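Below: the structure, in structure tokens.
Residue numbers (the working numbering), protein chains in the order written: chain A, 6 to 90; chain B, 5 to 159.
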């Protein structure tokens with residue numbers, strides 16, 4: 006699964022994207038964040054329960070709710086609220 | 005309907021002239037230009053770097069334009085948005101609309117920029133010269149509650 010990071014989330018994790026293999030039981034964005042939070046200190050700082058409210062999720066180029074169920078081939082991106090314009 | 009994402013400067017004046025010439029039957033042209041601010045509460049802005057998510061930005065801007073043309077009788081609209089490194093005063097975004105009458109042109113223009121600011125995946129990082137300390141540092145610009153409120157009124 007390809008996961009992309011942007012802005013200060015990308016800076017904190019130290020990479021713009023990575024390919025990860027979460028367990029098959031992980032089906033929603035929320036469950037994915039629970040799993041990511043355990044990958045290391047930077048991840049838990051961002052995806053931990055008390056801090057993740059600022060994280061936005063996009064699946065296949067669309068913003069989605071954290072309850073959104075994704076497929077194994079989906080492109081997933083995590084980023085802070087956007088500031089264009 | 006046109007969308008341009010670019011890492012090179014553009015001239016809003018020249019683009020608007022071109023847009024007006026391309027829509028000779030439009031009685032009303034609406035427009036908005038967003039520029040890099042020169043300072044924030046902490047100090048002087050030395051530069052602005054705009055990060056974006058290329059595939060999603062294109063997709064969202066197209067969706068925003070489609071929405072605008074669906075809601076209002078527009079003859080055409082244009083969004084030009086920079087990414088990369090910009091300097092104070094430089095144009096970041098141009099939104100332009102063409103319609104028969106002014107109400108659709110102006111209202112749709114406001115809608116386009118309000119939605120762009122909450123849905124298009126760009127993130128701004130400012131390089132700041134701190135007034136108090138004289139230090140130079142970088143900071144990510146926070147999203148504003150006012151922008152969310154402005155977008156929500158169109159729901």
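No residue lacks a Cβ here, since even glycine has one placed at the ideal position from N, Cα and C. Computed from a predicted structure; not experimentally measured.
Can you confirm whether residue 126 of chain B, when its beta carbon is compared against all beta carbons of chain A, has any partner nearer than 9 Å? As a working mapping, residue 126 of chain B is identified with position 122 in the second chain. Closer than 9 Å to some Cβ of chain A, the Cβ of residue 126 of chain B qualifies, so yes.
Is the separation between the beta-carbon of residue 100 of chain B and that of residue 19 of chain B shorter than 9 Å? For the purposes of this step, residue 100 of chain B is taken as the residue at position 96 of the second chain. For the purposes of this step, residue 19 of chain B is taken as the residue at position 15 of the second chain. Yes.
By the criterion of Cβ-Cβ separation under 8 Å, what are the contact partners of residue 123 of chain B in chain A? On the second chain, residue 123 of chain B is found 119 positions in, with the first residue counted as 1. Simply 68, 87.
Using a Cβ-Cβ distance cut-off of 9 Å, determine whether residue 117 of chain B contacts chain A. By 1-based counting over the second chain, the position of residue 117 of chain B is 113. Chain A contact via Cβ: present.
Is there a Cβ of chain B sitting closer than 9 Å to that of residue 19 of chain A, yes or no? On the first chain, position 14 is the one that residue 19 of chain A refers to. Judged by the 9 Å Cβ criterion, residue 19 of chain A is not in contact with chain B.
Give, in chain order, every unbroken run of the beta strand (DSSP E) that is at least 3 residues long and sits entirely within the segment 31-88 of chain A. 61-64, 67-69, 80-84
Going by the DSSP bridge assignment, what does residue 86 of chain B pair with across the sheet? Within the second chain, the letter at position 82 stands for residue 86 of chain B. Residue 86 of chain B pairs with B:10.
What three-state label does DSSP hand residue 53 of chain B in the structure shown? On the second chain, residue 53 of chain B is found 49 positions in, with the first residue counted as 1. Of the three classes helix, strand and coil, the one that applies to residue 53 of chain B here is strand, per DSSP.
Take the Cβ of residue 122 of chain B as the centre, count every other Cβ of all protein chains shown within 10 Å, and call the residue buried at 16 or more, exposed below. Here residue 122 of chain B corresponds to residue number 118 of the second chain, with the count starting at 1. Buried is the call here.
When the cut-off is 9 Å and only beta carbons count, does residue 58 of chain A lie next to chain B? Your numbering for residue 58 of chain A matches position 53 in the first chain. Taking Cβ atoms only, chain B never reaches closer than 9 Å to residue 58 of chain A, which makes this a no.
May I ask you to list, following chain order, the residues of the segment 44-58 of chain B that have a beta carbon less than 9 Å from some beta carbon of chain A? 54, 55, 56, 57
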